[in-house]
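What follows is a set of notes on a single structure, which appears directly below.
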Amino acid sequence: MSARPKWSLTACLAISAAAAMLAALGLGATALELARGAREVQLWFLVVFELVVIGAGVFGMLTGLGRFSEAPALSMLICGGSIFTVSVLAEPALVIRLTGAPGQALVIGGVSVLPFTFAGVVLGMALMLLAGVSALARGREKSRWYLVRAAATGLPVVLAAGLALWPPVQKAFMAMPGVASALVAVIGFFVLGGLLSASLHCVIRAFEVAVRE
Numbered sequence: 431m432s433a434r435p436k437w438s439l440t441a442c443l444a445i446s447a448a449a450a451m452l453a454a455l456g457l458g459a460t461a462l463e464l465a466r467g468a469r470e471v472q473l474w475f476l477v478v479f480e481l482v483v484i485g486a487g488v489f490g491m492l493t494g495l496g497r498f499s500e501a502p503a504l505s506m507l508i509c510g511g512s513i514f515t516v517s518v519l520a521e522p523a524l525v526i527r528l529t530g531a532p533g534q535a536l537v538i539g540g541v542s543v544l545p546f547t548f549a550g551v552v553l554g555m556a557l558m559l560l561a562g563v564s565a566l567a568r569g570r571e572k573s574r575w576y577l578v579r580a581a582a583t584g585l586p587v588v589l590a591a592g593l594a595l596w597p598p599v600q601k602a603f604m605a606m607p608g609v610a611s612a613l614v615a616v617i618g619f620f621v622l623g624g625l626l627s628a629s630l631h632c633v634i635r636a637f638e639v640a641v642r643e
């Protein structure tokens, strides 16, 4: 077993603190907008999402301070995954624009929240990447092969998702006969679903090995 690099905990502390502070600023701005009489339902959802990010950020900071020494890599993965998921859900325009369709970003106090949402996505991905590095450092040999398998089975899913968001592919799919498009959709669902399940299983096993080591 290899020793976990101390810098990974420091990085976890810094990333989590940045995510929590970013969400706290957003929460304050959203609360101020609501106090001024704004009635958009999306603002209330944004409040909930920002509270979740703050909670995940605090949990990540505690991990960085060594409070969860038995499974810090798993803690980082949970925090990063929570921040990433909530950040994506907080601003629908982020996903809409990835598909090539026009989308109106939410504006609070004359400022678009899209850049801040994107920053949350990046911070969440950074924490998840850090979790993988930490797992490799703790149980290098066994975790490495599980992560390699996870990458091998997850890469086709990522590529397929990227192609599905590419306008030329979308147009070609829409131009297919109904039966053919339905067949492609059903086969793709089961194949990609199986690959995604295998990838997630390997990721979980990699972190389980790291904890046992």
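Counting from 431, one number per residue, gives the positions in the sequence shown under my numbering. Every residue gets a Cβ at the ideal spot worked out from N, C-alpha and C, and that includes glycine. Please read these numbers as outputs of a predicted model, since none were measured by experiment.
Please classify residue i as buried or exposed, where buried requires at least 16 other C-beta atoms within 10 Å of its C-beta.
i, result
"E480", "buried"
"A461", "exposed"
"P607", "exposed"
"A449", "buried"
"V543", "buried"
"S627", "exposed"
"G618", "exposed"
"E500", "exposed"
Assuming residue i and residue j make a contact with CB atoms under 8 Å, what is their CB distance in whole Å?
i, j, result
"G558", "G485", "First, the amino acid is wrong: residue 558 is Met here, not Gly. At roughly 17 Å, the Cβ-Cβ gap does not stay under 8 Å, so M558 and G485 are not in contact."
"V551", "S517", "5 Å"
"G496", "L439", "6 Å"
"A636", "A556", "About 18 Å; that fails the 8 Å criterion."
"S492", "F498", "Note that residue 492 is Leu in the sequence shown, not Ser. The pair is a contact, with the Cβ atoms about 7 Å apart (cut-off 8 Å)."
Between residue i and residue j, is the Cβ-Cβ spacing less than 9 Å?
i, j, result
"I513", "V483", "yes"
"P586", "L630", "no"
"G490", "L443", "yes"
"L452", "L464", "no"
"V614", "F603", "yes"
"L625", "G584", "yes"
"L457", "V471", "no"
"V441", "G487", "Per the sequence shown, residue 441 should be read as Ala rather than Val. No, the Cβ-Cβ distance between A441 and G487 is not below 9 Å."
"A459", "I538", "yes"
Here's a check: name, in chain order, each residue in its chain whose Cβ is nearer than 7 Å to the Cβ of residue i, leaving out the five neighbours to either side.
i, result
"K572", "V639"
"T515", "none"
I'd like the list of long-range same chain contacts for residue i, defined as Cβ closer than 8 Å, with 5 residues on each side in sequence excluded.
i, result
"L577", "G562, A565, L566, C632, V633, A636"
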